[in-house]
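Asks: So the sequence lines, in the order shown, correspond to chains A and B.
Mind the numbering: the first sequence is residues 0 to 378 in numbering that gives the first Met the number 0, read in order.
Mind the numbering: the second sequence is residues 0 to 500 in numbering that gives the first Met the number 0, read in order.
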Amino acid sequence: MRNLSPMNNPYRDDKVIDACSIFGVMDTSGRRFGGEDVIRAIANMHVRGNGLGGGFAIYGLYPEYADAYAFHIMYLSRKGQREVEAFLKDGFDLICAEEVPTRPTPGIVDTPLIWRYFLNVGQHKLGEKAEDDYVVDRVMEINCSLPDAYVFSSGKDMAVFKGVGYPEEIAAYFSLEQYEGYLWTAHGRFPTNTHGWWGGAHPFCILDWTVVHNGEISSYGINRCYLEQFGYNCTMQTDTEVVAYAVDLLIRKHNLPIEIVANILAPPFWSDIERCPLEKQKLLRTLRQVYGSLLLNGPFTIIIAHHGEMIGLTDRIRLRPLTVGVKGDRLYLSSEESAMRLICPDLDRTWIPVGGQPIVGSLGAPLQPQPATMGGETI
Amino acid sequence: MKTYLTSKFLVERDPERCIQCQVCVNQCTFDVHYYDTEDDEVRSREENCVGCHRCVAFCPTQALTFKKNPLDYRENYNWRPDVIEDILKQAETGGMLLTGMGNDKGYRIYWDHLVLNASQVTNPSIDPLREPMELTTYLGRKPDRVELDRESFNLKTELAPQVKLEVPVMFAAMSYGAVSLNVHESLARAATETGTLWNTGEGGLHSKLHQYGNNTIVQVASGRFGVHPEYLDVARVVEIKIGQGAKPGIGGHLPGEKVSAEVSMTRMIPQGTDALSPAPQHDIYSIEDLAQLVYALKEAINYTKPVAVKIAAVHNSAAIASGMVRAGADIIVLDGLRGATGAAPKVIRDNVGIPIEMALASVDSRLRQEGIRNQASIVISGGIRSSGDVAKAIALGADAVYIGTAALVALGCAVCQQCHTGKCAWGICTTDLALTKRVNPDIGARRLANLLRGWSLELKDILGGMGINALESLRGNRLHLRGVGLTDTELEILGVRMAGN
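Here it is as structure tokens:
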């Protein structure tokens, strides 16, 4: 029997309540680009954060190690680092280990150690388990059982850079203008009920899935409870984590496409379901019956990303803002239109999606969406 | 033998107001009021008064009231009046003390020590007057995951039978015989109107009510009264009754006086015979036997409807519930310490079983730990008094609740605990044809439907306040609860934090 009580959560918080700025840009042709624009855009929404958390996820980041799992790990002590490194050497083939380069930045204080490791699973995997499952289990083990260590990101050819500070300060601290990727998401945080801590900043990551989130998930208690049954331990003191794990469960383990996942996280109302054609009714009803515990209730906008895809989604009654912009191959998602306009004044089109309707940008498939009419069909 | 028992109540009749109309004489079934023809005056035999309020409610001039008899014993914390009186009753009758309704003792009511959350600033509360607010609930076994066809994205998963509830409150099992046919009809019609379910109890289903089958849960208990193919066919859910909160370990007892012609026909037993359900189901002496009965019933209904199993909440409910799920139960019903009855030995009612809040919390946690929570819905009953209790029950992990006593109160019951006498002055818990007419099914159904409507409006307000617009986001979401005045152990079992923490 599994012990489901919370493990490595020193402050015993249910979750961090926060408001935020979020921004994402993806080049659907796969062209990599630098971070200057993303940094300017998120900095433009400075007042949506309060300096207690900022972060970035970058995809297509480490082409030289594209096939290795890139672990970014935060340490609160040297002891933590020693233990984790012994654990990693035990469980993986270690290709490369280095401290993530930083530079002194005004406003960034009390910095933890942040290291990155490029790892192969190799022969270490036991039995029939998929490599990804093996990696998830190891990440959970580090987060829950080893002291003073948190895994910031664990996917291939991507990474998360985050910390306490305004996002533009975090970008400066990690010299993010020097990195390139084809997909960037960014986050500025306004936590209200705890001091910020580095592990609590967004994006949240498991494998190559990342989530940035603006909002408060009022259904957190049951979402978390449900995910714990599937072996996901929520240790980061924030509700955003459950989104990352939910997406991992539904897409990677249950093989559901993102449009279906949107219908689980932000499902149509029962009354809307009953107005659908019979086949669709049955599908939507079954999804809600089976996955009701994963309905994300309360105000949220999220940008979910993994290799090849960036997805924007709001709660089903759209209590938090999301604006979409398209320019050629580029898809922009932002809390505010001004941030997109700042870095791309001549967008082909911008619109505000209907609540619960996912905006999906896919590699090799430039988005040519028809803006939904307000108050129209949401499913 | 002269009784040493004294009157519980003093009846006060205001002579200024009383018009000697004798409504009280006609309404009282306990022979309290009588008309003295010589003096042309209505008088009282106070020692008979049970405190049912019937006469007070019907007195046209509000001339009547009654008070607790202030007669004191010498203070004694151990030898309280109720203890002394029980001994007196047994000394005078030599029998087991019978009683009705649920446990009335001062055990802690945990609902009263749990408080709910609401949204402030960081997330908006949702206004149910302006936004959709969903209470829809589906009971039944759910799979671990949904499978789609990889090509077409069409649904491959076929769900086990599900039952839809518009409001997560159902009417608890109360058998025909214990309550009257008019009560059954009121419950059936109210459930149909409100989109929920009512439960026949173990006394069969009168053929007149087959038309409400789609909103009916039929019970199969140890006596198997009234169980036949049509009974199973018309129902929406079949419930196996193992035990009940008011009398765990004891079968239902219906005295022969209540077995009228109609009851006899419905229960399929001779008129006037005692209907004594055996304490255990004699084909269930272990968990594997339960599995056999569950699947025997599923075969009989061709897997078209869920099978529920109801137990009384007892010490090791969590382990039992886990076994029940593995034995094929699609719905688990837990009936707690406060669960009521039409008749039970008082010593059992007052001393056996555990509070439903604790049972629910431990069963929900246990099923989650074992990863089988999705395989059965949890329904609880026993002492649910308000929509606040319902919300707290759902946050603790229940899918829905049953209400029994609350439904009867809606019909007029004043919880006077005389159900076992068959003399219910409100015409609820009796089969005396002169009394059962006192419940008019048109009015009864209206009152019950009104109650559920009121509660569902309140539930929507509670949800909206929390910033949630679907009930499934509250279900099992114990972070929306906080404890007040509870010990660490109690909080741990409930899985709830202390207020302020």
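C-beta: ideal position from N, C-alpha, C; glycine also.
Classify His281/B: buried if its beta carbon has 16 or more other beta carbons within 10 angstroms, exposed otherwise.
Replies: Answer is exposed; the Cβ neighbour count stays below 16.
Asks: For Ile86/B, count neighbouring Cβ atoms within 10 angstroms of its own Cβ and tell me buried if that reaches 16, exposed if not.
Replies: So Ile86/B counts as exposed.
Asks: To be precise: take each residue of the region 210-236 of chain A, compare its Cβ to all Cβ atoms of chain B, and keep it if any distance is under 9 Å. Which residues remain?
Replies: So the close ones are Gly214, Glu215, Ile216, Ser217, Ser218, Tyr219, Gly220, Ile221, Asn222, Arg223, Cys224, Tyr225, Glu227, Gln228, Phe229.
Asks: So what's Lys281/A in DSSP terms, helix, strand or just coil?
Replies: Helix at Lys281/A.
Asks: Could you tell me the distance, in whole angstroms, from the CA atom of Arg266/B to the CA atom of Phe229/A?
Replies: In a straight line, the C-alpha of Arg266/B is about 47 Å away from that of Phe229/A.
Asks: Taking the DSSP output, what are the residues bridged to Arg188/A?
Replies: In the DSSP output, where bridge partners are listed per residue, Arg188/A has Cys19/A.
Asks: If Gly335/B and Gly382/B are in contact, beta carbons under 8 Å, what's the gap, nearest whole angstrom?
Replies: Sure, about 6 Å apart at Cβ, within 8 Å.
Asks: How many Å lie between Val389/B and Glu168/A at the Cα?
Replies: The alpha-carbon atoms of Val389/B and Glu168/A are separated by roughly 49 Å.
Asks: By the three-class DSSP mapping on this structure, what secondary structure does Ala413/B have?
Replies: Residue state, collapsed to three classes: coil.
Asks: Could you check if Gly242/B is buried or exposed, using at least 16 other CB atoms within 10 Å of its CB as the buried criterion?
Replies: Under this definition Gly242/B is a buried residue.
Asks: In the DSSP assignment, find the unbroken beta strand (DSSP E) run with Arg348/A in it and report its ends.
Replies: From DSSP, the beta strand (DSSP E) with Arg348/A extends over 348-350.
Asks: Output yes if chain B places a C-beta closer than 8 Å to the C-beta of Thr285/A; else output no.
Replies: Yes, Thr285/A lies at the interface with chain B (some Cβ there is under 8 Å from its Cβ).
Asks: Three or more C-beta pairs closer than 8 Å, one from the region 65-77 of chain A and one from the region 175-186 of chain A: is that the case here?
Replies: Segments in contact, no.
Asks: Pick from Glu227/A, Leu206/A, Asp238/A: whose alpha carbon is nearest that of Gly199/A?
Replies: Closest option to Gly199/A, Cα to Cα, is Asp238/A.
Asks: Straight-line CA distance for Ile492/B to Gly338/B?
Replies: Their Cα atoms are separated by approximately 21 Å.
Asks: Comparing the C-beta of His253/A with each C-beta of chain B, is any distance below 8 Å?
Replies: It does; some Cβ of chain B falls within 8 Å.
Asks: Within 8 Å (strictly less), CB to CB, does Pro256/A reach chain B?
Replies: With 8 Å as the cut-off, Pro256/A counts as an interface residue toward chain B.
Asks: Under 8 Å: do the region 436-446 of chain B and the region 33-48 of chain B share three or more Cβ pairs, one atom per stretch?
Replies: In short, these stretches do not touch, since the Cβ pair count stays below three.
Asks: Can you say whether Lys141/B is buried or exposed, counting buried as having 16 or more other CB atoms within 10 angstroms of its CB?
Replies: Lys141/B should be labelled buried.
Asks: Under the DSSP definition of a beta bridge, which residues are partnered with Glu133/B?
Replies: In DSSP, Glu133/B forms a bridge with Ala469/B.
Asks: In the DSSP output, what is His305/A paired with across the bridge?
Replies: Paired residue(s): Glu308/A.
Asks: In chain order, what are the residue ranges of uninterrupted alpha helix (DSSP H) at least 4 long that sit wholly in the region 301-330 of chain B?
Replies: Runs found: 316-325.
Asks: If you draw a straight line from the C-alpha of Pro190/A to the C-alpha of Pro167/B, how long is it?
Replies: Taking the straight line joining both Cα atoms gives about 35 Å.
Asks: Classify Thr488/B: buried if its beta carbon has 16 or more other beta carbons within 10 angstroms, exposed otherwise.
Replies: Thr488/B comes out exposed.
Asks: Measure the alpha-carbon distance for His212/A versus Asp271/A and round it to whole angstroms.
Replies: Those two C-alpha atoms are separated by around 26 Å.
Asks: Report the neighbours of Lys281/A on chain B: residues whose CB is nearer than 7 Å to its CB, in chain order.
Replies: Those within 7 Å of Lys281/A in chain B are Leu154.
Asks: Is the separation between the beta-carbon of Ile331/B and that of Ile377/B shorter than 8 Å?
Replies: Result yes, Cβ atoms of Ile331/B and Ile377/B sit closer than 8 Å.
Asks: Residues in the region 461-477 of chain B with C-beta within 8 Å of chain A's C-beta atoms, listed in sequence order?
Replies: The region 461-477 of chain B vs chain A, Cβ under 8 Å: Met465, Gly466, Ile467, Asn468, Ala469, Glu471, Ser472, Leu473, Arg474, Gly475, Asn476, Arg477.
Asks: With the cut-off set at 8 Å, would you say Val324/B and Ala399/B are in Cβ contact?
Replies: Not closer than 8 Å, so no.
Asks: Residues of chain B with CB under 8 Å from Leu346/A, in chain order?
Replies: Here the premise fails: no neighbours, minimum Cβ distance about 30 Å.
Asks: State the CB to CB distance for the pair His305/A and Trp183/A, rounded to an integer number of angstroms; the pair is presumed to be in contact (CB under 8 Å).
Replies: 13 Å between Cβ atoms; not a contact.
Asks: Can you give the Cα-Cα distance for Ile427/B and Met0/B, rounded to whole angstroms?
Replies: Going from the Cα of Ile427/B to the Cα of Met0/B covers about 32 Å.
Asks: Quick check: is the beta carbon of Pro166/A nearer than 8 Å to any beta carbon in chain B?
Replies: So no, Pro166/A is outside the interface.
Asks: Buried or exposed: which applies to Trp110/B, given that a residue is buried once 16 or more other Cβ atoms fall within 10 Å of its Cβ?
Replies: It counts as buried.
Asks: Excluding the five sequence neighbours on either side, which residues of its own chain have a C-beta within less than 7 Å of the C-beta of Glu273/A, listed in chain order?
Replies: The answer, listed in chain order, is Gln280.
Asks: Determine the DSSP secondary structure at Gln243/B, reduced to helix, strand or coil.
Replies: Correct three-state label for Gln243/B: coil.
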